[in-house]
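Colleague:
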Amino acid sequence: MPDRIDKINSLIKDEVGELILTEAEFPPDTLVTVTAVVTSKDMHYAKVFVSVLPINHAGQVLKILEKTRLRKILFKKLSIKFIPILQYHIDDTEAKAQDIEGLLDQLRKKV
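According to my numbering, the sequence shown is numbered sequentially starting from 384.
Rendered as structure tokens:
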């Protein structure tokens, strides 16, 4: 079963990534990337993690993703029995990395 979930995660990640480019309309100069998908064991839910740059557009991007109804498009596009309910989350790893890098720069300047 874990292999199946891994395949579903990969498939959803790739397809949602493509659909974001073709189906969703984001504010100008906004970059949205699917970084990971985690599907529940029962395959009813899938957490879709997205990276948003600039990060201050994150809230707006989440609203757009919810409105776009990507699950419905996936259902038509994929040949799997059940498409999980997609739950979008911001992957703020990049923003946290930038914060840490800034703190390290400050420490270097003090030394």
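Where a beta carbon is used, it is the ideal one built from N, C-alpha and C, also for glycine.
On a predicted model such as this, the values are computed, not experimentally measured, just so you know.
By how many angstroms is the C-alpha of L453 removed from the C-alpha of A419?
Modeller: Residue mapping note: residue 419 aligns to position 36 of the sequence shown, counting from 1. Residue mapping note: residue 453 aligns to position 70 of the sequence shown, counting from 1. For A419 and L453, the distance between alpha carbons rounds to 16 Å.
Colleague: I'd like the span of the alpha helix (DSSP H) that includes T451, first residue to last.
Modeller: In the sequence shown, residue 451 corresponds to position 68, counting from 1. Its alpha helix (DSSP H) spans residues A441 to T451.
Colleague: Report, in whole angstroms, the separation of the C-beta atoms of V444 and Q470, which I expect to be a contact under 8 Å.
Modeller: Position 61 of the sequence shown holds residue 444. Position 87 of the sequence shown holds residue 470. That pair is no contact at about 14 Å.
Colleague: Output the boundary residues of the alpha helix (DSSP H) element that contains K424.
Modeller: Counting from 1 along the sequence shown, the entry for residue 424 is found at position 41. First-last for K424: undefined, no H or E at that position.
Colleague: Which residue's Cα is closest to the Cα of V433: E449, M426 and I391?
Modeller: For this step, residue 433 is matched to residue 50 along the sequence shown. For V433, the nearest C-alpha among the options comes from E449.
Colleague: Considering Cα atoms alone, identify which of T451, S393 and Q481 is closest to I438.
Modeller: Reading the sequence shown from its first residue, position 55 is the one you call residue 438. Among T451, S393 and Q481, the Cα nearest to that of I438 belongs to Q481.
Colleague: Is R387 near the ligand ADP - that is, is its Cβ less than 7 Å away from at least one heavy atom of it?
Modeller: Of ligands this structure carries none, so the ligand ADP is not represented either.
Colleague: Which residues does DSSP pair with A429 in a beta bridge?
Modeller: Within the sequence shown, numbered from 1, the residue matching residue 429 stands at position 46. DSSP, once it has assigned bridges, lists T422 and L469 as partnering A429.
Colleague: Rounded to a whole number of angstroms, what is the C-alpha to C-alpha distance between A441 and I403?
Modeller: Mapped onto the sequence shown, residue 441 falls at position 58. Mapped onto the sequence shown, residue 403 falls at position 20. Going by the C-alpha atoms only, they are around 14 Å apart.
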